[in-house]
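For the sequence shown, the working numbering assigns the number 382 to the initial residue and increments by one for each residue that follows.
Data block below; observations after.
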Amino acid sequence: MVRVHPQYFSDWENPPEYIKALELVRRLGTREGWCRDHVLAIQVAIDQYAEAALGNREFFLNKPYGIGPRSQTDIP
Numbered sequence: 382m383v384r385v386h387p388q389y390f391s392d393w394e395n396p397p398e399y400i401k402a403l404e405l406v407r408r409l410g411t412r413e414g415w416c417r418d419h420v421l422a423i424q425v426a427i428d429q430y431a432e433a434a435l436g437n438r439e440f441f442l443n444k445p446y447g448i449g450p451r452s453q454t455d456i457p
């Protein structure tokens, strides 16, 4: 079985303009003083789109750090 690692926004060197716009809206929405419920609804919609289109609901969030080797062959 082949494991496919999820994609993250930070992995893309030159993302399309609409992906950049979604990331910007998701990041700046909490800083503008908007209604919390409206911001949350927009963020959920963006995350649902990322899951449907790109296969990773956490696409716009920070990529998790690795805490060790990825496979048994990496262990000395």
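For each residue, glycine too, the CB sits at the ideal point set by N, CA and C.
Counting along the chain, where does the alpha helix (DSSP H) carrying residue i start and finish?
{"i": "GLU394", "result": "It is not in any alpha helix (DSSP H) - GLU394 carries neither H nor E in the DSSP assignment."}
{"i": "ARG412", "result": "Per DSSP, ARG412 belongs to no alpha helix (DSSP H) and is neither H nor E."}
State buried or exposed for residue i, treating a residue as buried only when at least 16 other CB atoms are found within 10 Å of its CB.
{"i": "ALA431", "result": "buried"}
Using a Cβ-Cβ cutoff of less than 7 Å, which residues in the same chain neighbour residue i once the five nearest sequence positions on both sides are dropped?
{"i": "THR411", "result": "VAL420"}
Excluding five sequence neighbours on each side, which residues of the same chain lie with their C-beta closer than 6 Å to the C-beta of residue i?
{"i": "ILE400", "result": "none"}
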